[in-house]
Each structure stands twice: as structure tokens, then as C-alpha cells.
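Novice: One structure is given below, represented as C-alpha cells, and several questions about it will come after.
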Amino acid sequence: MKTRITELFGIQHPIIQGGMHFVGYAELAAAVSNAGGLGIITGLTQGTPEKIANEIQRCKSMTDKPFGVNMTFLPTLTPPDYPAMFHAIIDGGVKIVETAGNNPQQWLPMLKEANVKVIHKCTAVRHALKAQKIGCDAVSVDGFECGGHPGEDDIPNFILLPRAADELTIPFVASGGMADARSLVAALALGAEGINMGTRFIATQEAPVHEKVKQAIIAANELDTRLIMRPLRNTERVLNNVAVSRLLEKEKALGDALEFKDIIDEVAGVYPKIMLDGDMDAGAWSCGMVAGLIDDAPSVKVLIDRIMTDADALIAERLSGLANG
Ligand SMILES: Cc1cc2nc3c(=O)[nH]c(=O)nc-3n(C[C@H](O)[C@H](O)[C@H](O)COP(=O)(O)O)c2cc1C
């Protein structure tokens, strides 16, 4: 399938694996790229420019296809060394960067200079328009359904995507709630040029996370996620567990007086314990409502091939049948 996104990134299928903390390692990124999608390494999980450089080299040893690096800008007291990290990405020869969390404007000149394509992930049409204005090549439009940070507007993709299509001239992919061929075909119908998936890619053979994480996603249904940190205007959609229940109790008890320090035990430094050790109640971890559509952990290639084959059939049989009926 050819779309403006496959053309922009030089990939076979319009399917992107979004950056994911302690999930988006070289193994997963390479598997997605080898299967014809766009795999993305998560920069902040590596933490230092040296480790990013090393992860890029590892990924290159596993694939000769294009892949990207995610750079997430988080509200933090001690920011990581972003300039050196961007230099590591450019020096590593990576030609695609996914930015998220905040306006990437200050990094665009150096990325453009190095011929790097930038896809910015955002949750609002106004932010997508801003990304377009400052020179991003594409955007990932993240609806309210998404795992991770859906923003504070709560606009689901059935509204957000056509709104984006009405306003944007640069290509965009649909992100949040995407799982299968139905998601892809619907996203294309709503004006997107492809899909970005997070949660779905965790439940795959190649995702280098603990087996219990994959099983938790398979066991979960669409009612099992919760929104946390809303009072801090840093909303995150996570899978419900003991730690999340405790955190939500604190939010309820403290109301507007809630501060980050009150919930630090449930959110800070918990990812390695969950993703690597499989300690499933160690804290809050991002997960999309789409868990309700996930009931297996195939290889990435089987997943992507299945999406593309089913999408072709959906378009050629069901949709064209309706059109001619
Ligand atoms: C476990 C997990 C960790 C994530 N970490 C990041 C991250 O570090 N940076 C980022 O930009 N997005 C992150 N995301 C968001 C994904 O890249 C993607 O936008 C989102 O998962 C899409 O929604 P879906 O889960 O419904 O597919 C994360 C998502 C998950 C599920």
C-alpha cells in the first residue's frame, strides 16, 4: 500500500511503532522495520548519548531498513542532555525522528540540516498545525483512546482525525486505539495516511519485555485502563492495578492539593521493574483502551502481514461491495 507516509519514510506499509519507554529497544524497532513498517527506538530509555549511539548501532546490525528514534520532552527538573542526544542520532545516520511531549521547534534546524525527517506526535489539532507551521514533515495524531499521554482535551479519534484532515496539509497517521486492519482502513477513511501503534506492538514475540506484560495486555479488556495525574494536568492512560488504585485514592483524597511528590512511589522509576522484571504491581504503566482488541502475541511480521492482507480484503470486498450495492 502506497500513501504519503510510506513515500515520506521509504517504507512498505503505512504502520509505525511509536516510541515506548522500556519497550522501544532495537529488537522491536528492527522487527517492525524488517516487516515493512517503521520501527522506533525510544531515546530517553537509553538515557545518555553514548547509549543512544550504541542502540542505533545495534538496530543497524539487525535491519538495513529505515528506522527512527523517539525523543520525548517531559516536564522534569533535571532535563537529560538533549543536544548531545540529537547529535548522537544524527551522527548515527538515523534519518527519522519522532518527537513528543512538547514543541520540537528548537531542534528542527539541526535535524533539517542533517536531512532528518521529523514526525511530531500530538493530541490536538492546534498542536498539529503548530508542528506543520514550524516545519515538521508529518504528525502522529494521538486520540483520547491512546496509551500514554492523551493530553487534556479528551477528543477521541473519530472526531480528532477528520478535524486534522480538514486542517493539515502535511501527512498524518492515526494514533491511539489502532490494532488491526479495521483500524487501518477506518483511519485511511478518516483522512490519515497510516497508523501508529503502541500497545498492540507490546504484545508481540519480539517486544523485549517480560512475558507477564504481554499476558496482562491480552487479559485486559477495554474497561481496564485508568487516567492518572489528571489533577496535575499530566494525564496518562495506564492499565489498572494495585498501584494505580492506590494512586487514584490519593488523588481523590487530596483533590486540588495533590502534588507530584504525593504519587512519586507509584510513577517514578517503575518502568524497569514492570517491563523487565515483570513486577506487575510495581507502579503505573501506559496502556491503551485497545487492549480490549488484543488477544494474542504474534511475531511482528505475522501481525503486520495480517493487518495488510485483511485491509486489502476489507477494501476490495466489504467496502467496494457496499459501494456497488
Ligand atoms: C508502555 C508505553 C510506553 C510509552 N512510552 C512513550 C514514550 O516514552 N514516548 C512517547 O512519545 N510515547 C510513548 N507512548 C505512546 C506510544 O508511542 C503511542 O503513541 C501510543 O501507545 C498509541 O496508543 P495505543 O497504545 O492505543 O496504540 C507509550 C505507550 C505505551 C503503551
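In my numbering, each residue's number is its place in the sequence shown (first place is 1) plus 25.
A virtual CB, placed ideally from N, CA and C, is assigned to each residue, including glycine.
Within the chosen definition, does the region 220 to 240 reach the region 46 to 57 through at least 3 CB pairs nearer than 8 Å?
Specialist: Taking 8 Å as the limit for Cβ pairs, the verdict is that the region 46 to 57 does touch the region 220 to 240.
Novice: Relative to the C-alpha of M135, which residue among K120, F183 and C147 is closest?
Specialist: Of the candidates K120, F183 and C147, the one whose C-alpha sits nearest the C-alpha of M135 is K120.
Novice: State the CB to CB distance for the pair A206 and F197, rounded to an integer number of angstroms; the pair is presumed to be in contact (CB under 8 Å).
Specialist: Contact doesn't hold; Cβ gap of about 19 Å is too wide.
Novice: Does the region 336 to 347 come close enough to the region 266 to 278 to have 3 or more Cβ pairs within less than 8 Å?
Specialist: Output reads no: the region 266 to 278 does not touch the region 336 to 347.
Novice: How about A204 and A212: are their beta carbons less than 8 Å apart?
Specialist: No.
Novice: Could you tell me whether the Cβ atoms of T250 and M314 are closer together than 8 Å?
Specialist: Contact flag set, yes.
Novice: Please classify K239: is it buried, with 16 or more other beta-carbons within 10 angstroms of its beta-carbon, or exposed?
Specialist: It is buried - the Cβ of K239 has at least 16 other Cβ atoms within 10 Å.
Novice: Taking 7 Å as the line, does the beta carbon of C312 fall inside it for any heavy atom of ligand 2?
Specialist: This structure lacks ligand 2; its bound ligands are ligand 1.
Novice: List the residues that DSSP assigns as beta-bridge partners of M96.
Specialist: Answer is T124, bridged to M96.
Novice: Out of A153, V150 and C312, which has the shortest C-alpha to C-alpha gap to R262?
Specialist: With distances taken between Cα atoms, R262 lies closest to C312.
Novice: What residues are listed by DSSP as bridge partners for K142?
Specialist: According to DSSP, K142 bridges with I121.
Novice: Sorted by chain position, which residues of the same chain lie with C-beta nearer than 6 Å to T31's C-beta, five sequence neighbours on each side aside?
Specialist: Result list for T31: P39, in chain order.
Novice: Taking the C-alpha atoms as reference points, what is the distance between R331 and I289?
Specialist: Roughly 40 Å separates the two Cα atoms.
Novice: Could you name the residues of the same chain whose beta carbon sits closer than 7 Å to that of M300, not counting the 5 residues immediately before and after it, in chain order?
Specialist: For M300, where only same-chain residues beyond five positions count, the Cβ hits under 7 Å are F47, V48, V234, H235 and V238.
Novice: Please classify N140: is it buried, with 16 or more other beta-carbons within 10 angstroms of its beta-carbon, or exposed?
Specialist: Exposed, because fewer than 16 other Cβ atoms sit within 10 Å of the Cβ of N140.
Novice: Report the rounded CA-to-CA distance for G219 versus G62, giving the unit in angstroms.
Specialist: Cα to Cα, the separation comes out at about 10 Å.
Novice: What are the complete alpha helix (DSSP H) segments, minimum 4 residues, inside the region 170 to 222?
Specialist: 182 to 192 and 206 to 214, all fully within the region 170 to 222.
Novice: May I ask whether a heavy atom of ligand 1 can be found less than 7 Å away from the beta carbon of I227?
Specialist: Yes, Cβ of I227 sits closer than 7 Å to a heavy atom of ligand 1.
Novice: Going by DSSP, what residue range makes up the beta strand (DSSP E) through Q42?
Specialist: It spans I40 to Q42 - the beta strand (DSSP E) in which Q42 sits, taken as one unbroken run.
Novice: In angstroms, rounded to a whole number, what distance separates the CA positions of L8 and R83?
Specialist: A query on residue 8 cannot be resolved here, the shown segment of the chain reaching from 26 to 350 and no further.
Novice: Give the single residue among Q130, I159 and I144 whose Cα lies nearest to the Cα of L33.
Specialist: Taking only the C-alpha atoms, the option nearest L33 is I144.
Novice: Whose C-beta lies closer than 6 Å to the C-beta of V57 among residues of the same chain, with five residues either side of it excluded?
Specialist: So the list reads Q42, G64 and V325, once near-sequence residues are dropped.
Novice: Determine the burial state of P74: buried for a count of at least 16 other Cβ atoms within 10 Å of its Cβ, exposed for fewer.
Specialist: Classification for P74: buried.
Novice: Nearest-angstrom Cα distance between G308 and A282?
Specialist: Rounded to the nearest angstrom, the two C-alpha atoms are 21 Å apart.
Novice: Roughly how many angstroms separate the alpha carbons of G294 and M45, rounded to a whole number?
Specialist: C-alpha separation (whole angstroms): 15 Å.
Novice: Taking C-alpha atoms, which residue in N266, M305 and M254 lies nearest to D287?
Specialist: When only C-alpha atoms are compared, the closest one is M254.
Novice: Taking C-beta to C-beta, are F98 and N127 nearer than 8 Å?
Specialist: Contact: yes.
Novice: By the DSSP assignment, the alpha helix (DSSP H) with T28 in it spans what residues?
Specialist: Element bounds for T28: n/a, residue is neither H nor E.
Novice: Should V180 and G172 be called a contact, given that it needs their Cβ atoms to be closer than 8 Å?
Specialist: Note that residue 180 corresponds to Ile in the displayed sequence, not to Val. No, the Cβ-Cβ distance between I180 and G172 is not below 8 Å.
Novice: For T67, verify whether its CB is less than 7 Å away from any heavy atom of ligand 1.
Specialist: Because some heavy atom of ligand 1 lies under 7 Å away, the Cβ of T67 counts as near it: yes.
Novice: What are the start and end residues of the alpha helix (DSSP H) that includes L347?
Specialist: Residues S345 to N349.
Novice: Tell me whether E274 sits in a helix, a strand or coil according to DSSP, three-state version.
Specialist: E274 falls in the helix class under three-state DSSP.
Novice: When the Cα of T70 is compared with those of I243, P297, A163 and V164, which residue comes out closest?
Specialist: Among I243, P297, A163 and V164, the Cα nearest to that of T70 belongs to P297.
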